[in-house]
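In what follows, a structure is listed as structure tokens, so that the remarks can point back to it.
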Amino acid sequence: MTTATPTIAAGTQQTDGPKSVAGRVRKRLNSRTATLVSIIIALVWTVPTFGLFISSFRPEDQIKTTGWWTFFTNPQFTMENYQEVLFGRSSSSGQLASYFINSLAITIPSVLFPLAFAALAAYALAWINFRGRDWLYIAIFALQIVPLQMALVPLLKFFSTGVTVAGVQVLPAWDLVDEQKFAQVWFAHTCFALPFAVFLLHNFISQLPGDLMEAARVDGASHPKIFRTIVLPLITPALAAFGIFQFLWVWNDLLVALIFAGGGDETAPLTVRLAEMAGTRGNEWQRLTAGAFVSIVVPLIVFLSLQRFFVRGLLAGSVKG
Amino acid sequence: MEFDFAEEQPKFLMLMYGLIAFVAVVGGLLLLLDVVPAWFTRRREARLVAASASGAPLPRRRKQREGTVALFFLLPALLLLTIGLVIPAIRTTLLSFMDSGSTHWVGLRNYGWLFSENFVVRVLINSLIWVLLVPLVATAFGLIYAVLVDKARFEAVAKSLIFLPMAISFVGASIIWKFVYAYRGDDQEQIGLLNQIVVSLGGEPKQWLLESPLNTLLLIVIMIWIQAGFAMVVLSAAIKAIPADIVEAARLDGVSPWQMFWRITMPSIRPALIVVVVTLSIATLKVFDIVRTATNGNYDTSVIANEMYNQAFRYGENGQGSALAVFLFVLVIPIVIYQIRNLRQQREG
Amino acid sequence: MAVFARPRQAFVIAGVLGLALSASACGTGDDKGSSNADAPECAAYDKYQGNDGKKVSIYASIRDAEADLLEQSWEQFTKCTGIEIDYEGNAEFEAQLPVRVDGGNAPDLAFVPQPGLVKRFADAGKLKSLGADTKAMAEQNLPADWLKYGTVDGNLYGVPLGANVKSFVWYSPKLFKEKGWTVPTTWDELIKLSDTIAATGMKPWCAGIESGDATGWPATDWIEDVLLRTQGPEVYDQWTTHSIPFNDPKIADAVDRAGSILKNEKYMNGGFGGVKSIGTTAFGEAGLPITTGKCALHRQASFYANQFPDGTKVAEDGDAFAFYFPAIDPAKGKPVLGAGEFVVAYADRPEVQAVQTYLASGEYVNSRAKLGNWVTANNKLDIANVASPIDKLSVEILQDKSGVFRFDGSDLMPAAVGAGTFWKGMVEWINGKDTASVLQGIESSWK
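As given, the protein sequences belong to chains A, B and C, one line each in that order.
Using numbering that gives the first Met the number 0, the letters of the first sequence correspond one by one to residues 0 to 320.
Using numbering that gives the first Met the number 0, the letters of the second sequence correspond one by one to residues 0 to 348.
Using numbering that gives the first Met the number 0, the letters of the third sequence correspond one by one to residues 0 to 446.
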């Protein structure tokens, strides 16, 4: 571990000073212009979300007939949208809090499993010498293109009827009910996340300094030991980075959850409930404005609290330049 | 209806079992890998001792064990990938040679259909525009922004603003932008921001989503809006990680900041740039929620993934939908070749 | 630890434990699995008894507030018979149902709104045809016109459930009274009224066909409604079954007739702009200018009543109401275009058949109708149980013996046409493409 830190720590420490490349480029670009440009980009990026935010406090008939900016000249404020979303009147669907819990129960393992499996695989592909590893890596990378829509039916069949080879039942059906169906969703999300996760993590792990691994091997450390004691600590930031992307993806997913967990309040995540809130004919979509913000809160908290991991996320990756 | 916490208990329990399973699987695997080879090592040492005692040649097993260890590292991922993606990909390919109900083989008929439909040219061109523009522009914006806000006083907040769209689903984002592009007649009050701006500047309101090829560009804006955050976050991290000694050395050489950007920053963040561009390219090829929500492919805006979804899921044309999916597989080949080249370079360097 | 060596085992163990816990957690309260069969109010459900404690899953596209009403409507039934109904409603229903069925995870019952989709499942051998009791009940209670749409190759698969009437023109009774306009009862009067209104400088009609991934459907309804009026039901049937080509001159004539209103810049598009704005106007908003006086006429189905903002009085003397879209040629009868959903079964367990039979019964339709906002073609429906004026009018039209009912054509065609090229073709047509090439394009996509 200690042998690894100098190169990497060098990056971290030095970035604190005002001398980084970007900092200098920025200075050159004239800090006023730079600020202006960045403010313009930030504005353009924020305005649509901001409009939605304002809309979420406007009454239904206002949202549907006038632009959100009229709010400033003719402010009509209501909490009704939030009230409906949070304490909705649909008794058949139960409470929003239920769906919140479902979303959490779906998301947490769906982030952890691919993270661990991909890290193990990426390590093997990067640092264990075996025949055909490059081709295996490329094959896994290429699997990113398989549209998950095409995987829904076969995977669902795998869960609901098991695997039969030549008339012999090799694996039984899972036969899960209610909250047990979370397991299917975890399984599906893990499958779908792996190609990207392996690609991203391989990119980091393969760029760790090779002499570090050599030294450890010479000392007689086994691969699991190197993985645990050297690689894992070094790529923790990268894991956090992928974790956040996977978190966002799972949190916002509707399709996978609908197929593998169903739409009831025992298992369906927040997205399902929010989509449902628009009403059978979509006539209640003003609720979506508030719904979007209710659902955005958690990912935003996750991002803000883990943001510093992003900052360090690629340190390991760029050691080699 | 009161919120009953007791009713939620099974879910937490299930979550707990999931976490236990996670710890058990991952921990167990590592443990297994630690214990079993150790056992083998002991046996081998014992045999070594025995062999050296009897004067027989030393057994050579090291190479083979590397492969076994690798297999165990890869096992969970490979199993899941096989079940979740490889088998479905093979199945899709097979289905593309079958009829809509997947009961009879029809040879190449679905591919014949694919290339005879007159929409296919338009769809191909659109997909090409998407896959060229989105990675390029999103990465450019992400990079510029990352450089500009680097070390700025409100860096965290500034980055959150660009990141925010990533926390919104594709469908949600498309709905937001549909509002931006909304149209009302010129005698009416506008409710879409874009038209409001046009009108307040004295122009005529336009039906943005009707005019090809402008509408495709406007849909691409949505994807860029979402993905620039991804590019910005990854690239910003890469910029911060450039070793300071390189910067210092360049500075002492009297390199101008502009040269510094091109000669030091860009080469340094190249791996990160590749990750971003490749990831965005593949994501863009697959995206259809935006097109489906905003126009459903009307007005010449359709892309391959949208057609695939429609054929396979809405029209029940499994064969034709699968043929489109296989077509997507083919389109990713250039990216794969590029990646192979990268890997080769990396292994050599 | 060793027990959890494989995730599957861990899951199974977790599952068993979870089940045991949930079973002990909900031991109180609910009367799950204990029917009150002997209670006097349960007499009507005698024929469904014997399935106590069984579960039936239902999947449909009806959700939120309307799903609440559904669940309320069979509450008494589940209490009396002890059958537990597990309902799930979803917006992606049409795309999800085939995935679930193909994936071996089909629901017991589904409410399918497209006879075309019913046919697809029946052809693939996925559906169970109705049991003897269900069939008897359906044939007794539902008009032949409707049963025809649930039948594939002579086998009855679907029980018609809810219905809606599409041949309506929405207007503002208040505005009409103010301006002295009268509700037209013939096509000529309708056109005359449109001209009168247009002469005042107001765009008389409004329309919108934007509907997310279903964009275009309101325009197909227009075409179908007009075709039924210009050519009559026989040609309509030939058209929907593709025994005449999609671009037959008779069809082109009807499309142009619809275009004389839809694509008429003098008439369109009140409250939104010109003809082209129809393409980007959401169907749900398209008729709202009726209540603000910016538009006078809006052809849309009975369910449009739900789109008006809260507080809008939907009645013959209110802020909005609908009149029957007048016939063109009285000799061709009184055509009614409508739609609805069909209850189909993927399982034939006795409790599934019991629920399916119940959904065809008079007890059910009256129980549902009493809760409001619902119409059916079931002739056991007592109009006294229908509260809202627009639903009453719909039931009157559906039960009118002189009416000729036809189902929404785009739901009858194969999905690739009815939910694909027909919708898209209409979008192009509104956007300025000529009738002939649009119809030619749709025809060539129909194999």
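A virtual CB, placed ideally from N, CA and C, is assigned to each residue, including glycine.
Item                                                                                                                                                                                        : Value
Which whole runs of the beta strand (DSSP E) in the segment 102-149 of chain C are 3 residues long or more, in chain order?                                                                 : 108-111
Determine the burial state of residue 304 (chain B): buried for a count of at least 16 other Cβ atoms within 10 Å of its Cβ, exposed for fewer.                                             : buried
Please report whether the beta-carbon of residue 275 (chain B) lies at a distance below 8 angstroms from any beta-carbon of chain A.                                                        : no
For residue 283 (chain B), return the contacting residues in chain A, with the cut-off set at a CB-CB distance below 8 angstroms.                                                           : Per Cβ cutoff of 8 angstroms: no residues; residue 283 (chain B) is ~11 angstroms from chain A at best.
Which full runs of the beta strand (DSSP E) of 3+ residues lie inside the segment 30-66 of chain C, going along the chain?                                                                  : 54-59
Going along chain C in order, which residues have a C-beta closer than 7 angstroms to the C-beta of residue 152 (chain A)?                                                                  : 98, 101 and 102
May I ask you to report which of helix, strand or coil DSSP gives residue 253 (chain A)?                                                                                                    : coil
How would you call residue 117 (chain B), buried or exposed, if buried means at least 16 neighbouring beta carbons within 10 angstroms?                                                     : exposed
Which partner residues of residue 159 (chain C) appear in the DSSP bridge assignment?                                                                                                       : C:341
Just the C-alpha distance for residue 31 (chain C) and residue 355 (chain C), rounded to the nearest angstrom, thanks.                                                                      : Unreliable positioning characterises residue 31 (chain C) in this predicted model, as indicated by a pLDDT of 43, which lies under 50. The coordinate reading is nonetheless provided below. If I take the Cα positions, the gap works out to 20 angstroms.
Would you decide whether residue 465 (chain C) is buried or exposed? Buried here means 16 or more other CB atoms lie within 10 Å of its CB.                                                 : A query on residue 465 (chain C) cannot be resolved here, the shown segment of chain C reaching from 0 to 446 and no further.
In the DSSP output, which residue or residues are listed as bridge partners for residue 84 (chain C)?                                                                                       : C:55
Of all the residues that make up the segment 26-59 of chain A, which are near chain C by a beta-carbon distance shorter than 8 angstroms?                                                   : 59
Which residues, in order along the segment 388-420 of chain C, keep a beta-carbon less than 7 angstroms from a beta-carbon of chain F?                                                      : Absent from the structure is chain F; the protein chains it does hold are A, B and C.
Starting from residue 169 (chain C), trace the beta strand (DSSP E) in both directions and tell me its first and last residue.                                                              : 167-170
By DSSP, does residue 186 (chain C) sit in helix, in strand, or in coil?                                                                                                                    : helix
Can you list the residues of chain A that residue 308 (chain B) reaches, using a CB-CB cut of under 9 angstroms?                                                                            : 146 and 148
The beta strand (DSSP E) that contains residue 189 (chain B), what's its start and end?                                                                                                     : From DSSP, residue 189 (chain B) is part of no beta strand (DSSP E); its letter is neither H nor E.
Would you list, in chain order, the members of the segment 251-276 of chain A that have their beta-carbon closer than 7 angstroms to a beta-carbon of chain C?                              : 257, 258, 261, 262, 263, 274, 275 and 276
Do residue 229 (chain C) and residue 327 (chain C) count as a contact pair if the criterion is CB distance below 8 angstroms?                                                               : yes
CA-CA distance, residue 25 (chain C) and residue 138 (chain A)?                                                                                                                             : Residue confidence is low: residue 25 (chain C) scores 39 on pLDDT, short of 50, so the model does not pin down where it sits. Its coordinate-derived value is still stated next. Using only the alpha carbons, I get a separation of about 48 angstroms.
Going by the DSSP bridge assignment, what does residue 163 (chain A) pair with across the sheet?                                                                                            : A:168
Across which residues does DSSP place residue 454 (chain C) in a beta bridge pair?                                                                                                          : Outside the shown range of chain C (0 to 446) lies residue 454 (chain C), about which nothing can therefore be said.
Tell me the DSSP bridge mates of residue 212 (chain C)?                                                                                                                                     : C:210
At a CB-CB cut-off below 8 angstroms, which residues of chain A make contact with residue 185 (chain B)?                                                                                    : Going along chain A, no residue has its Cβ under 8 angstroms from residue 185 (chain B), so there is no contact; the nearest lies around 15 angstroms.
Is the shortest distance between the beta-carbon of residue 87 (chain C) and the beta-carbons of chain A less than 8 angstroms?                                                             : yes
Taking only runs that begin and end inside the segment 119-172 of chain B, name each unbroken alpha helix (DSSP H) of 4 or more residues, in chain order.                                   : 154-162
Would a C-beta distance cut-off of 8 angstroms place residue 97 (chain C) and residue 287 (chain B) closer than the cut-off?                                                                : no
Indicate whether at least one CB of chain C lies closer than 8 angstroms to the CB of residue 155 (chain A).                                                                                : yes
Please name the residue, chosen from C:344, C:336 and C:198, that lies closest to residue 397 (chain C) on a Cα-to-Cα basis.                                                                : C:336
Compute the beta-carbon to beta-carbon distance between residue 259 (chain C) and residue 167 (chain C), rounded to the nearest angstrom, for a pair I have assumed lies under 8 angstroms. : At roughly 19 angstroms, the Cβ-Cβ gap does not stay under 8 angstroms, so residue 259 (chain C) and residue 167 (chain C) are not in contact.
Decide if residue 153 (chain B) is buried, meaning its Cβ has at least 16 other Cβ atoms within 10 Å, or exposed.                                                                           : exposed
Specify, as a first and last residue, the run of the alpha helix (DSSP H) that residue 136 (chain A) falls within.                                                                          : 132-141
For residue 96 (chain B) and residue 232 (chain B), I'd like the C-alpha separation in whole angstroms.                                                                                     : 43 angstroms
Would residue 249 (chain A) and residue 105 (chain A) be called neighbours here (beta carbons separated by less than 8 angstroms)?                                                          : yes
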